[in-house]
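S.K.: Residue numbers for the sequence shown, in numbering that gives the first Met the number 0: 0 to 252.
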Amino acid sequence: MPERAEPAFFLLARFAEFFEELAGIKQAIAEGRLAAMLTVGDEAPPSEPGDLAARVSGRLAGLLRAQWQAVARTGTADEAKAQRMALYAMAALADELFVLEIEWAGREAWLDVLLEHRLFRSRNAAVRFFAITDELLGTRKRDALHVDLAAVMVLALQLGFKGKYRGEQGEAMLKETRERLFSVVSRDPAAPPQGPAFPQALQHLLDEGEGVRLAPLTPWYAAAGVAALLYLLASSALWFRLMEPFRQSVGAG
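(1) Could you tell me if M122 is buried or exposed, where buried requires 16 or more neighbouring beta carbons within 10 angstroms of its beta carbon?
(2) Which residues bound the alpha helix (DSSP H) around G49?
(3) Note the first and the last residue of the continuous alpha helix (DSSP H) segment covering S121.
(4) With a threshold of 16 other CB atoms inside 10 Å of the CB of E115, please say whether the residue is buried or exposed.
(5) What does the Cβ neighbour count give for G40, buried or exposed, with the cut at 16 atoms within 10 Å?
(6) Just to confirm before moving on: does the CB-CB distance between L21 and A125 stay below 8 Å?
(7) In whole angstroms, give me the CA-to-CA distance for F131 and R13.
(8) Specify the secondary structure class of T138 as computed by DSSP and reduced to three states.
(9) What's the C-alpha gap between L118 and A171?
(10) Relative to the alpha-carbon of F181, which residue among Y164, K140, L135 and K163 has its alpha-carbon at the smallest distance?
(11) Let me confirm a value: Y220 is counted as buried when at least 16 other C-beta atoms fall within 10 Å, else exposed. Which label applies?
(12) Between E78 and A155, what straight-line distance do the alpha-carbon atoms span, to the nearest angstrom?
(13) By how many angstroms is the C-alpha of F160 removed from the C-alpha of E175?
(14) Looking only at its chain, what residues have a beta carbon closer than 7 Å to the beta carbon of I28, apart from the 5 residues adjacent to it on each side?
(15) Between the alpha carbons of P44 and D111, how many angstroms are there, rounded?
(16) Where does D147 sit, in a helix, a strand or coil, going by DSSP?
(17) For the candidate residues V183, K140 and G105, whose alpha-carbon lies nearest to that of V151?
(18) Among A88, R106, A65 and Y87, which one has its Cα closest to the Cα of P48?
(19) How many whole angstroms separate the CB atoms of R179 and Q157, which I take to be in contact at a CB cut-off of 8 Å?
(20) According to DSSP, is G162 part of a helix, a strand, or is it coil?
(21) Can you list, in chain order, the residues of its chain with a C-beta nearer than 8 Å to that of L257? Leave out the 5 residues immediately preceding and following it.
(22) Go through its chain and collect everything with a Cβ distance to L62's Cβ below 8 Å, but skip five positions before and after it.
(23) Roughly how many angstroms separate the alpha carbons of F9 and A149, rounded to a whole number?
(24) If you draw a straight line from the C-alpha of A90 to the C-alpha of G23, how long is it?
(25) Return the CA-CA distance between R64 and Q26, expressed in angstroms with no decimal places.
(26) Within 10 angstroms of its Cβ, does Q82 collect 16 or more other Cβ (buried), or is it exposed?
If you want it as structure tokens, here you go:
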């Protein structure tokens, strides 16, 4: 992936935007205001499970399509390819969360409005996600785009995607895949060697614990910046402590 036109780590930035939307929807479910959140203008709020699922799926699909169009307009062919892989990972993560992790009225109906099928016309994320990670990990000569994509993939795994490795027997493979992706990111020469660029913002998140379990990702992403995110990805102990509240924010019932 040698060509670049988009800013550095644009995939990570778009993942942050997508996760903020996911966390907002999860928070609306937890607070019993999902129907109000999905109501536009004077229309009647959705009440049936199928309608709720369709509207959530449409909302997320619209965001992912907008991200794709932005890169397709201004990015290079290499960036477009990387963005497509990242979008697939985001769709796969959302589908698993809404079917297997989050307790909500549209859980069963989500199978009819899968983001993967809506955007990619396939229903094979349990296997295909790991085909993408295998291709990425098998690349010998990696550049910043590979690092950016690896960061997105390890985030998706840490936030709950398990695919074909769901269940106790797959835990070892999930851990190995996370660690291998982690090593790709931690070797990035652009990662700051001296620690987080914004330690106060990061410490605030660590101190809050359960208080930020439903918090969107973008506020701290914007505050800490890409440099701090890269540092976190390169510092596993701090990384897993920091990500636990965000994992809970989309995985807890």
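Just so you know, even glycine gets a beta-carbon here, dropped at the ideal spot from N, CA and C.
Since the structure is predicted, the reported quantities are computational estimates derived from the model, not experimental observations.
M.R.: So, to answer that:
(1) To locate residue 122, count along the sequence shown from 1; it is residue 123. Residue 122 is actually Arg in this sequence, not Met. So R122 counts as exposed.
(2) If you number the sequence shown from 1, residue 49 lands on position 50. Residues P48 to T73.
(3) Within the sequence shown, numbered from 1, the residue matching residue 121 stands at position 122. No alpha helix (DSSP H) contains S121, which DSSP labels as neither H nor E.
(4) Taking the first residue of the sequence shown as position 1, residue 115 is located at position 116. Classification for E115: buried.
(5) Walking along the sequence shown from the start, residue 40 turns up at place 41. Exposed.
(6) Position 22 of the sequence shown, counted from the start, is the residue given in the question as residue 21. Position 126 of the sequence shown, counted from the start, is the residue given in the question as residue 125. Result no, Cβ atoms of L21 and A125 do not sit closer than 8 Å.
(7) Translated into the one-based positions of the sequence shown, residue 131 becomes position 132. Translated into the one-based positions of the sequence shown, residue 13 becomes position 14. The sequence shown places Ile at residue 131, not Phe. Distance between the alpha carbons of I131 and R13 is about 18 Å.
(8) Here residue 138 refers to the residue found at position 139 of the sequence shown. If DSSP states are grouped into helix, strand and coil, T138 belongs with coil.
(9) Position 119 of the sequence shown, counted from the first residue, corresponds to residue 118. Position 172 of the sequence shown, counted from the first residue, corresponds to residue 171. If you take the alpha carbons of L118 and A171, they lie about 30 Å apart.
(10) Along the sequence shown, read from residue 1 onward, the residue named residue 181 stands at position 182. Of the candidates Y164, K140, L135 and K163, the one whose C-alpha sits nearest the C-alpha of F181 is L135.
(11) Against the sequence shown, residue 220 aligns to sequence position 221. Note that Y220 scores a pLDDT of 42, beneath 50, so its modelled location is shaky; the value from the coordinates is reported in the next line. Looking at its Cβ environment, which holds 16 or more other Cβ atoms inside 10 Å, Y220 is buried.
(12) Stepping through the sequence shown from its first residue, residue 78 is reached at position 79. Stepping through the sequence shown from its first residue, residue 155 is reached at position 156. The straight-line gap from Cα to Cα measures roughly 19 Å.
(13) Your numbering for residue 175 matches position 176 in the sequence shown. Your numbering for residue 160 matches position 161 in the sequence shown. Near 14 Å, if we compare the C-alpha coordinates of F160 and E175.
(14) Along the sequence shown, one-based indexing puts residue 28 at 29. Cβ neighbours of I28 beyond the five flanking positions: I101 and W103.
(15) Sequence index remark: in the sequence shown, residue 44 carries index 45 (1-based). Sequence index remark: in the sequence shown, residue 111 carries index 112 (1-based). Taking the straight line from one Cα to the other gives about 20 Å.
(16) The residue given as residue 147 occupies position 148 in the sequence shown. Here D147 sits in helix by DSSP.
(17) Residue mapping note: residue 151 aligns to position 152 of the sequence shown, counting from 1. Residue V183 is the option with its Cα nearest to V151.
(18) In the sequence shown, residue 48 corresponds to position 49, counting from 1. Answer by Cα proximity: R106.
(19) Along the sequence shown, one-based indexing puts residue 179 at 180. Along the sequence shown, one-based indexing puts residue 157 at 158. Contact flag wrong, Cβ pair sits at about 13 Å.
(20) Against the sequence shown, residue 162 aligns to sequence position 163. Three-state result, G162: helix.
(21) There is no way to answer for residue 257, as the model of the chain reaches only from 0 to 252.
(22) Residue numbering aside, residue 62 sits at position 63 when the sequence shown is read from its first letter. Excluding residues within five positions, the ones whose Cβ falls inside 8 Å are E16, F17 and E20.
(23) Walking along the sequence shown from the start, residue 9 turns up at place 10. Walking along the sequence shown from the start, residue 149 turns up at place 150. Each residue's Cα considered, the two are about 12 Å apart.
(24) To locate residue 90, count along the sequence shown from 1; it is residue 91. To locate residue 23, count along the sequence shown from 1; it is residue 24. Near 16 Å, if we compare the C-alpha coordinates of G23 and A90.
(25) On the sequence shown, position 65 is the one that residue 64 refers to. On the sequence shown, position 27 is the one that residue 26 refers to. Whole-angstrom Cα-Cα distance: 23 Å.
(26) Taking the sequence shown and counting its residues from 1, the one referred to as residue 82 is at position 83. So Q82 ends up on the buried side.
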